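Structure first, then comments.
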Amino acid sequence: MKAGVSTACLYPTELEKAFGMLAKNGVKNVEIFVNSHCELSDPYRKEMLDIQSEYDVNVVSVHPYTSGIEPMMLFTKYERRVRDMLEYYKRFFEYMNLFGAKIMVIHGNKPQNFCEDELYFERFARLQDAASEMGVSVAQENVARCTSGKLEFLKKMADALRDKAKFVLDTKQAHRCGEDPIEMVKAIGKHIVHVHFSDYGAKGDCLKFGEGDYDNLTLFTELKKCGYDGMAVIELYKGSYLSAEDLADNSRRLGDFLEAGK
């Protein structure tokens, strides 16, 4: 396992500037959070590719800005919208191929938008198939405000979709939903392909690594037991860190911790 940082940490800094700030401070593994449609195209895309080449950055994953409309576009009974969204997400799969990213993160549906579990799983499977055809994969993130927040739902999804079920474990979102990340790993660990990390403790649930008192050693040990060898990408909100340099330093600290525990 290695550590990385999401450009989302630096929001609302423009994407190419955030990417450059992380790269210049030595972050080698990055998740790109695309904030706007235009960023899928040049000149923004070219600037990002130039930064990646100059600083030898490994783009691990891509998170689209469209999470808010996934309930309406994907998890709907209106088939035309589903087809439109599947076609639109192919733009992201093409973008991922340019950067070498293999995982696209989605939030999925929200409880306010009723969608039977069977329909949810069918929609996700279609999206996964479209991604697979382009050499990438889609991973469902556990998000407290979404249908995916609860472990019970993720277990049902894993049972229904088997190998097509791929998950992003977000430790902050797990705590916000009253779930224990360690128990989540024990239950669905073989389906986890990506990790969004923040520390947890008396100071809060969106902390830099080392500022909480959660049992991170056990967390990463359990991930290792499941065969996980992907990234632990730091995803913090404004106010939880000081600067891009601070994020880079914390990523190195987390990386050293992961290396020591291998």
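Add 9 to a position in the sequence shown, counting from 1, and you land on the number used in the numbering used here.
Ideal Cβ positions, reconstructed from N, Cα and C, are used throughout, including at glycine.
Quick caveat: nothing in here was measured; it's all calculated off a predicted structure.
Item                                                                                                             : Value
Segment limits, beta strand (DSSP E) that includes Ser15                                                         : 11-15
Spatially closest choice to Tyr237 from Asn34, Ala27, Thr22, Leu228, by CA coordinates                           : Leu228
Rounded separation between Glu79 and Thr85 - CA only                                                             : 9 Å
CB-CB length for Leu24 against Glu48, believed under 8 Å                                                         : 5 Å
Reference Tyr87; option with closest CA among Arg132, Lys111, Asp179, Tyr53                                      : Arg132
Runs of alpha helix (DSSP H) lying entirely within the stretch 181-227, each at least 4 residues, in chain order : 190-197
Lys199 to Ser249 span [Cα, whole Å]                                                                              : 30 Å
Contained beta strand (DSSP E) runs [length at least 3] in the stretch 55-86, N- to C-terminal order             : 67-72
Buried versus exposed, by CB contacts within 10 Å (16 or more), Ser252                                           : exposed
Same chain only: Cβ atoms within 8 Å of Lys55, ignoring 5 sequence neighbours per side                           : none
Residues near Ala153 by beta carbon distance below 6 Å, same chain, minus five either side                       : Gln182, Arg185, Cys186
Reduced DSSP secondary structure (H/G/I, E/B, other) of Gln273                                                   : Residue 273 is absent from the model: the chain starts at 10 and stops at 271.
Extent of the continuous beta strand (DSSP E) to which Val91 belongs                                             : Not the beta strand (DSSP E): Val91 falls in the alpha helix (DSSP H), residues 88-108.
Beta-carbon gap between Leu232 and Val194 smaller than 8 Å                                                       : yes
Delimiting residues of the alpha helix (DSSP H) encompassing Ser260                                              : 253-269
Beta-carbon proximity check, Tyr270 vs Leu216, cutoff 8 Å                                                        : Correcting the residue type first, residue 270 is Gly in the shown sequence and not Tyr. Taking 8 Å as the Cβ cut-off, Gly270 and Leu216 do not qualify as a contacting pair.
Endpoints, beta strand (DSSP E) assigned at Ala241                                                               : 240-243
Residues near Ser76 by beta carbon distance below 6 Å, same chain, minus five either side                        : His116
Own chain residues within Cβ distance below 6 Å of Lys111, not counting five before or after                     : Val145
Sheet register partners of Asn38 (DSSP bridge)                                                                   : Asn67
Limits of the unbroken beta strand (DSSP E) element including Met4                                               : Here the chain has residues from 10 to 271 only, and residue 4 is not among them.
Residue environment, Lys37, which counts as buried when at least 16 other CB atoms sit within 10 Å               : buried
Buried versus exposed, by CB contacts within 10 Å (16 or more), Gln137                                           : buried
Spatially closest choice to Gly109 from Val91, Val68, Leu128, by CA coordinates                                  : Val68
Same chain, Cβ closer than 7 Å to Ile197, neighbours up to 5 away in sequence not counted                        : Leu163, Lys164, Ala167, Phe176
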